[in-house]
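Per the numbering used here, the very first residue in the sequence shown carries number 1; after that it's consecutive.
Idealized CB from N, CA, C, for every residue including glycine.
Everything numeric in this text was worked out from a predicted model, so none of it was measured.
Notes for the one structure printed next.
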Amino acid sequence: MVPSIPALAALTCLGASVVVAQTHPTCSLTQKCPEEAPCCSQYGQCGTGAYCLGGCDPRMSFSLDACVPAPVCQDRTMPMTDTSRIVDVSKYLGDSSKADWVAQGIPLAYNDNVILTMPPNSVGTVLASTVYMWYGNVKARMKTSKDAGVVTAFILLSDVKDEIDYEWVGTELDIAQTNFYFQGIPNYMHAGNITKLSNTNAEWHD
Ligand SMILES: *[C@@H]1O[C@H](CO)[C@@H](O)[C@H](O)[C@H]1NC(C)=O
């Protein structure tokens, strides 16, 4: 999955594809980003601008302070009655006062709710909050997809890939699968299922 920023950058650099290739080197724990493209995105590509915002991994970036510090969230409710507080990732410049969520994919307003759509041949829609939570209590009211092969998820994800996951597999409308990870290391020993839920597609769950 590649955010749409690189696509835009490629467009503006048409005719200079070698340069484009060089401006987005890949990054990993053992290969940090170069100084001229210091930020390692969530998808393991180096760049500037949006690459330095949410998901920028300081461990894989040029230096530990290459990523832009994300604003810390405050106690509040973020209504999902329309898409006015959602901005596409290609347009987000890092001002969290202007948007609550950064979208990849196509979020749509429908009946006073927001649908995360999954058009054919797409990987679906992701909303990422524009603020960070250090600790606290977070809650989402949601319904899940009932389609086979589609996973609905609510995930707390740090920039160094710590995760607390809630996932719903499309055909299992009475189970929430949970897990947590430390720095992206797959460890399935912490998995736990919340079972006997009422239909998560038909009914709202908090
Ligand atoms: C959770 O439920 C899924 C689907 O029924 C199953 O495959 C998985 O093993 C369960 N995980 C745990 C930790 O019980």
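Query: Distance between beta carbons of residue 148 and residue 171, contact taken as under 8 Å; Result: 5 Å
Query: Coil, strand or helix - residue 97 by DSSP; Result: coil
Query: When 181, 70 and 41 are compared against residue 95, the one with the closest alpha-carbon; Result: 70
Query: DSSP bridge partner residues for residue 197 (one or two, in chain order); Result: Residue 197 pairs with nothing; no bridge assigned.
Query: Contact set for residue 167: own chain, Cβ-Cβ below 6 Å, skip 5 residues either direction; Result: 151, 153 and 177
Query: Own chain partners of residue 118 with C-beta closer than 6 Å, once the 5 adjacent residues on each side are dropped; Result: 124
Query: First and last residue of the uninterrupted beta strand (DSSP E) at residue 152; Result: 151-157
Query: Residue(s) in a DSSP beta bridge with residue 113; Result: 110
Query: Heavy atoms of ligand 1 versus C-beta positions, residues under 6 Å; Result: 172, 175, 177, 191, 192 and 193
Query: Separation of residue 206 from residue 140, as counted between CA atoms; Result: 6 Å
Query: Neighbourhood of residue 188 by C-beta distance below 8 Å, restricted to the same chain and skipping five residues each side; Result: 179
Query: Whole-angstrom distance between residue 90 and residue 8, CA atom to CA atom; Result: Below a pLDDT of 50, predicted positions are generally treated as unreliable, and residue 8, at 29, falls in that range; the measurement from the model is reported next regardless. Spanning the two alpha carbons is a distance of roughly 8 Å.
Query: As assigned by DSSP and simplified to three states, the class of residue 189; Result: helix
Query: Residue 46, DSSP secondary structure in three states; Result: strand
Query: Cβ neighbour criterion (16 or more within 10 Å) applied to residue 32; Result: buried
Query: Sequence-distant residues of the same chain with beta carbon closer than 8 Å to residue 191, five excluded per side; Result: 177, 178 and 179
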